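Take a look at the structure below.
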DNA sequence: GCGGTATATTCCCTATAAGGAATATAGATC
DNA sequence: GATCTATATTCCTTATAGGGAATATACCGC
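Protein chains in written order, with our numbering: chain A, 6 to 144; chain B, 6 to 144.
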């Protein structure tokens, strides 16, 4: 039964937070990591778990792995994701995460917020690396 | 987060089948057992699991424990139960279970199908339970 | 090739889940 | 009281999950 696999994915708090974030569009691992404030291993493992069960899809972009909700989710999956999104409004952590995501996206307005861009070569003109290197997308 | 507890309850096939049955109204353990074709320990343990997390409520009626969906479920719970019922249509086992439940209820029409009634003293006055010779436990 | 970054995997430990066999408990009847 | 029935709990084993530390892999730029 496919349903139980879906619910297995949904019964961990970190995974719910990840899925909530992905509702806003695709994201690379480091952004998820930063928003959740969780260690890399933890985030990566939960993403693998979700991926193995078809709850997320992924593409590689240079160094970054960009995760998203599946392109053509099954009926069960989309029903449950919709239900989750609905329920998420009643639990503050999801709202806080989404707000953080919004701020993160704002930092990159213009370029899509799909990767960290930390350390993407700062065009030698710019000011020192104290502030987060402001960057253009690495392509 | 309450949500994860709900999903923990939903990520086992047997528990999903039980919840699906309870959508049709309250049921005693032996009926659930009979419909699912699962051993008593298993059913009882899953019911305990659901009860401990507030997914089902229970009342005692003589020897029988009669389980039902909660009377005033939280928003998250009712949303997810509705979603489950929706998804259940896509997985045959739920339909089969419901059909069995229907047949079982038909057997007891008039009296509510809340307990096995095996061995419930037939008040010597009454119209006997028709053809059914004072049933022994159906198993 | 080298070094750096982003992410995944492995190894290890602990916690929880699932199932069955056996036993315990609560209520009913006598 | 004893006995029966319906259900719950305990004990045990095996499987899976979740987390962290360390390590491996994949890609980039030089």
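Backbone N, C-alpha and C fix where the C-beta goes; we use that ideal spot for every residue, glycine too. Keep in mind that this is a model prediction, so the values were computed, not measured.
- From the listed residues A:78, A:91, A:66, A:49, the smallest Cα separation to residue 60 of chain A is found for A:78.
- As summarised for the region 8-71 of chain B, the continuous beta strand (DSSP E) elements at least 3 residues long and confined to that stretch are 62-66, given in chain order.
- Chain B has a Cβ within less than 8 Å of the Cβ of residue 84 of chain A.
- Linking residue 70 of chain B to residue 10 of chain A through their CA atoms gives a straight-line distance of about 30 Å.
- Residue A:102 holds the alpha-carbon nearest to the alpha-carbon of residue 27 of chain A among A:67, A:66, A:102.
- Of the residues assessed, residue 45 of chain A falls on the exposed side of the cut-off, its CB having fewer than 16 other CB atoms within 10 angstroms.
- Note on residue 68 of chain B: under 16 other CB atoms within 10 angstroms of its CB, so exposed under the neighbour-count rule.
- With fewer than 16 other Cβ atoms from the protein chains shown falling within 10 Å of its own Cβ, residue 108 of chain A counts as exposed.
- Close partners of residue 43 of chain A in chain B (Cβ separation under 9 Å) are lacking, with about 15 Å as the shortest Cβ gap.
- In this structure, residue 99 of chain A places its C-beta atom within 8 Å of the C-beta atom of residue 25 of chain A.
- Beta-bridge pairing by DSSP links residue 73 of chain B to B:62.
- For residue 18 of chain B, the nearest CB of chain A lies under 8 Å from its own CB, placing it at the interface with that chain.
- Per DSSP, reduced to three states, the secondary structure at residue 99 of chain A is helical.
- At a Cβ-Cβ threshold of 8 Å, residue 15 of chain B and residue 106 of chain B do not count as neighbours.
- Sequence-distant Cβ neighbours of residue 87 of chain A in its own chain, meaning closer than 7 Å and more than five residues away, do not exist here.
- Between residue 54 of chain B and residue 20 of chain B, the C-beta spacing is below 8 Å.
- At a cut-off of 8 Å between C-beta atoms, residue 54 of chain A does not count as an interface residue with respect to chain B.
- Distance check between residue 63 of chain A and each of A:18, A:37, A:31 places A:31 closest, using alpha-carbon atoms only.
- Per DSSP, residue 83 of chain A is one residue of the alpha helix (DSSP H) stretching across 80-93.
- Between the alpha carbons of residue 41 of chain B and residue 75 of chain B lies a gap of roughly 21 Å.
- Excluding the 5 residues flanking it on each side, residue 81 of chain A has same chain C-beta neighbours closer than 7 Å at 7, 8, 11, in chain order.
- As the crow flies, the alpha-carbon of residue 13 of chain A is around 7 Å from that of residue 13 of chain B.
- Take residue 58 of chain B, set aside five residues on each side of it, and the residues of its chain with a beta-carbon closer than 8 Å to its own are 10, 11, 13, 14, in chain order.
- Using a Cβ-Cβ cut-off of 8 Å, residue 6 of chain B is close to 18, 21, 96, 98 of chain A, given in chain order.
- Across the region 64-83 of chain A, CB contacts with chain B closer than 8 Å involve 80, 81, in sequence order along the chain.
- Look at residue 13 of chain A: its C-beta is under 8 Å from a C-beta on chain B.
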